[in-house]
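Going by numbering that gives the first Met the number 0, 280 is the number at position 281 of the sequence shown; the sequence numbering is gapless.
Beta carbons are placed, not taken as given, at the ideal position from N, Cα and C, and that holds for glycine.
These notes are about the structure you will find just below.
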Amino acid sequence: MDLVYVQKVSISCKRCGNAGAVYRREYSGEVLCRRCFIETFTKRVIKTIAKYGLLRHDDRIAVAVSGGKDSLSLLHVLNKIEKDFPLSELFAITVDEGIEGYREEAIRYVTQLCRSIGIHVEVVSFKELYGFDLDHLVKEGVLNKLGLKPCSVCGPLRRKAINTAAKRLGATVIATAHTLDDVVQTYFLNALRGEKKQHNPGLRREAKSIIPRVAPFRLTPEREVILYAYLNRLPFQSYACPNAPKSMRNMLRRFLSEWEQNYVGSLFAAINYFDYIVKANNTSEYSYCDSCGEPSSGKLCRSCELVNKVIGIYHRLVK
Ligand code: SF4
Ligand code: ZN
Ligand code: ZN
Numbered sequence: 000m001d002l003v004y005v006q007k008v009s010i011s012c013k014r015c016g017n018a019g020a021v022y023r024r025e026y027s028g029e030v031l032c033r034r035c036f037i038e039t040f041t042k043r044v045i046k047t048i049a050k051y052g053l054l055r056h057d058d059r060i061a062v063a064v065s066g067g068k069d070s071l072s073l074l075h076v077l078n079k080i081e082k083d084f085p086l087s088e089l090f091a092i093t094v095d096e097g098i099e100g101y102r103e104e105a106i107r108y109v110t111q112l113c114r115s116i117g118i119h120v121e122v123v124s125f126k127e128l129y130g131f132d133l134d135h136l137v138k139e140g141v142l143n144k145l146g147l148k149p150c151s152v153c154g155p156l157r158r159k160a161i162n163t164a165a166k167r168l169g170a171t172v173i174a175t176a177h178t179l180d181d182v183v184q185t186y187f188l189n190a191l192r193g194e195k196k197q198h199n200p201g202l203r204r205e206a207k208s209i210i211p212r213v214a215p216f217r218l219t220p221e222r223e224v225i226l227y228a229y230l231n232r233l234p235f236q237s238y239a240c241p242n243a244p245k246s247m248r249n250m251l252r253r254f255l256s257e258w259e260q261n262y263v264g265s266l267f268a269a270i271n272y273f274d275y276i277v278k279a280n281n282t283s284e285y286s287y288c289d290s291c292g293e294p295s296s297g298k299l300c301r302s303c304e305l306v307n308k309v310i311g312i313y314h315r316l317v318k
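Written out as structure tokens, the structure is:
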């Protein structure tokens, strides 16, 4: 794994002086022991929440948990932070897309962590909501017919599933584990798609009857989220979804991660730039998708139109 560890034993934590530093923050020069890393990590999440007003003291927070290191870390750290806010509630939502040999393990880890910290987890499946598994869409040739890759369809279907479960549970906000890396990738992807109508990913945006989505890790690099999971011994799914390598996002992830390694601090520079540009251009009157709340020129956004199309074709093909 590509983490910047420093030699234990020989280097002391520059924050508390204890021997056995475990991490060097390249962009700030900090060298930290386990305890100081976890403390500064948690403080950054609290600061991010406060800076953007992501959560309220009495929110019913639904954490979208996939079973990977990012989402389990988010659930773990929010559970600690939330203890200071007795009026708030926290629960987890996990989606079973129906990807054979992959999702079962992830759901096991989610259930295990939720049980150990005493949090309710709601599992929703594509099968229950839409009548098919993601694997069926591939096998029945629906994706080929539309010329789409699995992730292009799975993403919007997952989003819809999480919204449905969050509404069912009376959530007032959905917290997702998108990291600094993810948010910058999203901005680049939107730019490469020529998407003019966009909003700042991971910031709280109230729109009609839509449950807002927030990303408390939007200022935390992915490598630190991975380290947090390791240092807290969170059991997370270690292998990627078999469909992941085919996604556009994955190509961009590799490119941006290499860029960051060569030009440290670029991801922070990029998020500041895009946040500013997108916010500054976000003053015009947008209409929002009736189904998911994303900016949209019609009643439904492109993703929701796609979801409806896929559902329609699947049911026509199998009947
Ligand atoms: Fe779905 Fe793609 Fe994520 Fe796999 S990698 S769970 S197919 S969005
Ligand atoms: Zn220390
Ligand atoms: Zn939509």
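Item	Value
Apart from the five residues just before and just after residue 304, which ones in its own chain have a Cβ nearer than 6 Å to its Cβ?	none
Got a sec: does ligand 3 put a non-hydrogen atom nearer than 8 Å to the Cβ of residue 251?	no
Could you give the C-beta distance for residue 75 and residue 249, rounded to a whole number, given that I count them as a contact under 8 Å?	Actually they do not touch by this definition, with Cβ atoms about 25 Å apart.
Give the list of continuous alpha helix (DSSP H) stretches no shorter than 4 residues that lie fully inside the stretch 263-290.	265-279
May I ask which residues mark the beginning and end of the alpha helix (DSSP H) holding residue 254?	247-261
Cβ-heavy atom distance between residue 16 and ligand 2 below 8 Å?	yes
Helix, strand or coil for residue 171, going by three-state DSSP, please let me know.	coil
Please go through the same chain and pick out, in chain order, the residues whose beta-carbon is closer than 7 Å to the beta-carbon of residue 108, but skip the five residues on each side of it.	66, 71, 234, 235, 236
Quick one: residues in its chain with C-beta nearer than 8 Å to the C-beta of residue 312, no 5 flanking neighbours on either side, listed in chain order?	141, 144, 145
With 16 other CB atoms within 10 Å as the buried threshold, where does residue 238 fall?	exposed
For residue 85, count the other beta carbons within 10 Å of its own beta carbon; 16 or more makes it buried, fewer makes it exposed. Which is it?	exposed
DSSP on residue 229, reduced to helix/strand/coil?	helix
Taking the alpha-carbon of residue 21 as reference, which of 262, 242, 223, 259 has the nearest alpha-carbon?	223
Let me know if residue 18 comes out buried or exposed under the rule of 16 or more other beta-carbons within 10 Å of its beta-carbon.	exposed
Residue 129: buried (16+ other C-beta within 10 angstroms of its C-beta) or exposed?	buried
So, at 6 Å on beta carbons, what are the nonlocal neighbours of residue 298 in its own chain, with the 5 sequence-adjacent residues on each side left out?	289
Going by the C-beta, is residue 214 closer than 8 Å to any heavy atom of ligand 1?	no
Got a sec: is the Cβ-Cβ distance from residue 277 to anything in chain D below 9 Å?	The structure shown contains no chain D; it holds only a single protein chain.
Between the stretch 169-176 and the stretch 208-228, are three or more C-beta pairs nearer than 8 Å?	yes
Rounding to the nearest angstrom, what Cα-Cα distance links residue 82 and residue 73 in this structure?	14 Å
Is the beta carbon of residue 92 less than 9 Å from the beta carbon of residue 48?	no
State the DSSP-derived secondary structure class of residue 22, mapped to helix, strand or coil.	strand
Does DSSP classify residue 44 as helix, strand or coil?	helix
Take residue 316 as the anchor and find which of 24, 33, 52, 131 has the nearest alpha-carbon.	131
When we look at the beta-carbon of residue 57 and count the other beta-carbons within 10 Å, is it buried (16 or more) or exposed?	exposed
Who are residue 93's beta bridge partners in DSSP?	122
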